[in-house]
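Before any comments, here is the structure.
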Amino acid sequence: MKFFIDTANLDQIKEANDLGILDGVTTNPSLMAKVGVKGQQAIMDHYAKIAEIVDGDVSAEVFSTTFNEIVEEGKKLAAIHPNIVVKVPMIKDGIKALKWFTDNGIKTNCTLVFSAGQAILAAKAGATYVSPFIGRIDDSNWDGVQLIEQIAQIYSLQGYKTEILAASIRSPLHIVQCAQAGADVITSPLDPILGLLKHPLTDIGLAKFLEDAKTMG
Ligand code: E4P
Numbered sequence: 002m003k004f005f006i007d008t009a010n011l012d013q014i015k016e017a018n019d020l021g022i023l024d025g026v027t028t029n030p031s032l033m034a035k036v037g038v039k040g041q042q043a044i045m046d047h048y049a050k051i052a053e054i055v056d057g058d059v060s061a062e063v064f065s066t067t068f069n070e071i072v073e074e075g076k077k078l079a080a081i082h083p084n085i086v087v088k089v090p091m092i093k094d095g096i097k098a099l100k101w102f103t104d105n106g107i108k109t110n111c112t113l114v115f116s117a118g119q120a121i122l123a124a125k126a127g128a129t130y131v132s133p134f135i136g137r138i139d140d141s142n143w144d145g146v147q148l149i150e151q152i153a154q155i156y157s158l159q160g161y162k163t164e165i166l167a168a169s170i171r172s173p174l175h176i177v178q179c180a181q182a183g184a185d186v187i188t189s190p191l192d193p194i195l196g197l198l199k200h201p202l203t204d205i206g207l208a209k210f211l212e213d214a215k216t217m218g
C-alpha cells in the first residue's frame, strides 16, 4: 500500500518525505487555502515546489465544475510537472472530463467519493485513482472502512485498474484498517502517519535497553 500525505504544507511534506516512506501527495482547495496560497501563478508555483520535494504523484484539484473548463484547467495543471495528477470532483461533467483525460494520457484522481456506485463510475471513466473519504463517512454515522472493502471487492471482481486511494484519514488505526480492507493507497495528514510509530511497550523497552547499555560503558 502506498503512502501519500494529504497536505499542502511544504514543511510537513519534507518531514514525511525524509522518513523515506512517502509515495506521493494529495491536496485540495481547502488545504491550499490553509497555507495561504493566493492567485493562479502562486498556486501553480506551489504545486511545482511540492513536485520537486516528492518523487511521486501529486494530486492538484481543479476549481472548475463544467466539462470544458475542467479540461482546460486540468491541461494547465498537468503541464506543471510529469507527476501532477489532475483531481476531479465526482460530478457529471467530472466523469466526462475524467474520460477525456484518460483518452489523452493524463493521470487523474476522482475525488469526493462516498459510495460504491460513484467508485464504479470513476473506474469506468478510467480514473487513475478513486478517493473515498472515509473520515467524513464515519462522521456521518456510516462505516468508511467498510466502503473501502466493498470497492476493493468490486474492483477485484470486475478487473478495474483504478487504484483505491483511501482519503479523509483521521487516525493511525484508519491506516491499518485501510491496509486490511484492500486500499492501494492511503492519503493522510502527517500526525496519523507518525502515530503508526507509537507503542508504549516500545518506549518502555527502549528505555530499559538504553539503561542496560549504560552499564556496559
Ligand atoms: C482527499 O484527497 C482530501 O484531500 C482529504 O483526504 C479530505 O480530508 P478531510 O475530510 O480530513 O478534509
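According to our numbering, the sequence shown is numbered sequentially starting from 2.
C-beta: ideal position from N, C-alpha, C; glycine also.
- Task: Take Glu150 and list the residues in its own chain whose beta-carbon comes closer than 6 Å to its own, dropping the five residues that flank it on each side.
- Result: Counting from one through the sequence shown, the residue named residue 150 turns up at place 149. Counting only Cβ-Cβ distances below 6 Å, and skipping sequence neighbours, we find Ala182.
- Item | Whole runs of the alpha helix (DSSP H) within the segment 59-105, excluding any shorter than 4 residues | 68-79, 93-104
- Query: Out of curiosity, what's the CA-to-CA distance linking Thr163 and Leu99?
  - Reply: Taking the first residue of the sequence shown as 1, we reach residue 163 at position 162. Taking the first residue of the sequence shown as 1, we reach residue 99 at position 98. Roughly 12 Å separates the two Cα atoms.
- Leu32 CB to nearest heavy atom of ligand 1 below 7 Å: By 1-based counting over the sequence shown, the position of residue 32 is 31. Answer for Leu32: yes, Cβ within range of ligand 1.
- Which of helix, strand or coil does DSSP assign to Phe115? The sequence position of residue 115 within the sequence shown is 114, counting from 1. Coil at Phe115, not helix or strand.
- Of the residues Val114, Ile81, Val72, Ser116, which one's Cα is nearest the Cα of Lys97? Counting from 1 along the sequence shown, the entry for residue 97 is found at position 96. Measuring from the Cα of Lys97, the nearest candidate turns out to be Val72.
- Own chain residues within Cβ distance below 7 Å of Val55, not counting five before or after: Taking the sequence shown and counting its residues from 1, the one referred to as residue 55 is at position 54. Same-chain partners within the cutoff: Ile14, Asn18, Leu23, Gly25, Val26.
- Query: Which residue spans inside the segment 132-179 form an unbroken alpha helix (DSSP H) run of at least 4?
  - Reply: 135-140, 145-159
- Looking only at DSSP bridge pairs, what is Asp7 linked to? Within the sequence shown, residue 7 is the residue found at index 6, counting from 1. Answer by DSSP bridge pairing, in chain order: Thr27.
- Message: Count Cβ pairs between the segment 81-95 and the segment 118-129 that sit closer than 8 Å; are there 3 or more?
- Response: yes
- Residue burial classification, Ala34 (beta-carbon count within 10 angstroms, cutoff 16): Position 33 of the sequence shown, counting from 1, holds the residue named residue 34. When all chains shown are included, Ala34 counts as exposed.
- Item | Stretch-stretch touch, CB-based, cutoff 8 Å, three pairs: the segment 202-215 with the segment 184-191 | no
- Query: Can you name the start and end residues of the beta strand (DSSP E) that Thr188 belongs to?
  - Reply: As a first step, residue 188 must be located in the sequence shown, where it is residue number 187. Per DSSP, Thr188 belongs to the beta strand (DSSP E) from 186-189.
- Query: Around the C-beta of Phe64, are 16 or more other C-beta atoms found within 10 angstroms, so that it is buried, or is it exposed?
  - Reply: Taking the first residue of the sequence shown as position 1, residue 64 is located at position 63. So Phe64 ends up on the exposed side.
- Query: With burial defined as no fewer than 16 other Cβ atoms inside 10 Å of the residue's Cβ, what is the status of Gln7: buried or exposed?
  - Reply: Counting from one through the sequence shown, the residue named residue 7 turns up at place 6. It is worth fixing the name first, because residue 7 is Asp in this sequence and not Gln. It counts as buried.
- Query: Which residue comes first and which comes last in the alpha helix (DSSP H) that contains Lys209?
  - Reply: Stepping through the sequence shown from its first residue, residue 209 is reached at position 208. 201-215 is the span of the alpha helix (DSSP H), which, as asked, contains Lys209.
- Query: Cβ atoms of Gly75 and Thr103: under 8 Å apart, would you say?
  - Reply: Sequence index remark: in the sequence shown, residue 103 carries index 102 (1-based). Sequence index remark: in the sequence shown, residue 75 carries index 74 (1-based). It is not a contact, given that the beta carbons lie outside the stated cut-off.
- Message: Report the CB separation of Met2 from Ala214 in whole angstroms; it is logged as a contact under 8 Å.
- Response: Residue 2 sits at position 1 when you count from the first residue of the sequence shown. Residue 214 sits at position 213 when you count from the first residue of the sequence shown. About 35 Å separates the two Cβ atoms, so there is no contact after all.
- Query: Do Tyr156 and Ile170 come within 8 Å of each other at the CB atom, strictly closer than that value?
  - Reply: Here the question's residue 170 lines up with position 169 in the sequence shown. Here the question's residue 156 lines up with position 155 in the sequence shown. Contact flag unset, no.
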